[in-house]
Amino acid sequence: MKKLIRGIIDFRKHRIGEYREKFSKLALGQAPDTLFIACSDSRVVPNLFASTDPGDLFVIRNVANLIPPCDTHGQSKGDLSEWAAIEFAVLQLRVSDIVVCGHSECGGINAILNGRDKAPGDHLRCWLEHGEHAASVMARIDFSGSTLAEHNKISQANVLLQLDHLRSYPVIQDRIKAGNLAIHGWWFDIGSGDVHAYNEKTRRFALIGA
Ligand SMILES: [Zn+2]
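Numbering follows my numbering, in which position 159 of the sequence shown is assigned residue number 732; successive positions increment by one, without gaps.
And the structure:
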């Protein structure tokens, strides 16, 4: 906590100047073009690894970057929080892109692999249900020649599963059909700081900018 307070004081003393103009403009409203969905993991730092500025990303973070799918009535099967944020991003902010970004060494994915019944806490056990079937979509990724550990392969598969969950909502389907929205699966490798994007043609996660 002391580091957090020191950081706030340091920002106010030494760095606020370079952001003053941007913040004064942003105070009038936000217009991010991307909704970024990532894990709550402290090592996942979208603003750092994507070099984004304040106002660039509308962000949802939760354990294991999960998006509960919708039921037959178009209602979320999970917490309302995720879908309230997605509706705001799509219907109000009219973002053009949604990124679901998984990451290496994800504790949520490890908990699923170890059996979510062993996870600490009732809510966590329940929440992880939305990623439980990640292994079932692994065949959609070409892992030939890959040196990734099994849990990281499952983490990449989980990104595809969450894209499926996103597509289960009529509002997302409508926007994609109209050509107003694109959705992307990314994966952050903590050890290298690299970000990979899923390519549907090659069925592989490829390094962005390689
Ligand atoms: Zn994680």
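Yeah, the Cβ is synthetic: ideal placement off N, Cα and C, and Gly gets one too.
| Asked | Found |
| --- | --- |
| Quick check: the Cα distance between residue 611 and residue 601, rounded to an integer number of angstroms? | 26 Å |
| Given 7 Å as the limit, tell me if residue 614 has its C-beta closer than that to any heavy atom belonging to ligand 1. | yes |
| Taking only three categories from DSSP, how would you classify residue 580? | helix |
| Taking 7 Å as the limit between beta carbons, can you name the residues of its chain near residue 764, skipping five residues before and five after? | 677 |
| Candidates 705, 674, 714: which alpha carbon is nearest residue 774's? | 714 |
| Can you tell which of 641, 644, 631 has the C-alpha that lies nearest to the C-alpha of residue 661? | 631 |
| Taking the beta strand (DSSP E) that residue 670 falls in, what are its first and last residues? | 670-676 |
| Under a Cβ-count criterion, where at least 16 other Cβ atoms within 10 Å of its own Cβ denotes burial, should residue 761 be classed as buried or exposed? | buried |
| How about the segment 710-727 and the segment 693-700: do they share at least three Cβ pairs that are nearer than 8 Å? | no |
| What I want to know is whether the C-beta of residue 580 ends up closer than 7 Å to one or more non-hydrogen atoms of ligand 1. | no |
| For the alpha helix (DSSP H) containing residue 592, list its first residue and its last residue. | 589-599 |
| Please go through the segment 725-768 and give each complete alpha helix (DSSP H) segment of 4 or more residues, from N-terminal end onward. | 743-750 |
| Rounded to the nearest angstrom, what separates residue 723 and residue 783 at their Cα positions? | 24 Å |
| Excluding sequence positions up to five away, which residues of its chain have a Cβ less than 7 Å from the Cβ of residue 679? | 612, 614, 637, 728 |
| So which of 634, 743, 758, 754 has the shortest CA-CA distance to residue 644? | 743 |
| I want to know whether the segment 619-635 touches the segment 645-661 - three or more CB-CB distances under 8 Å. | yes |
| From the DSSP secondary-structure annotation, give me the bridge partner or partners of residue 631. | 608 |
| Check whether the Cβ atoms of residue 721 and residue 673 lie closer than 8 Å to each other. | no |
| Note down, in chain order, each residue of its chain lying with its Cβ closer than 7 Å to the Cβ of residue 789, except the 5 sequence neighbours on either side. | Residue 789 lies beyond the range of the chain shown here (574 to 783); nothing can be said about it. |
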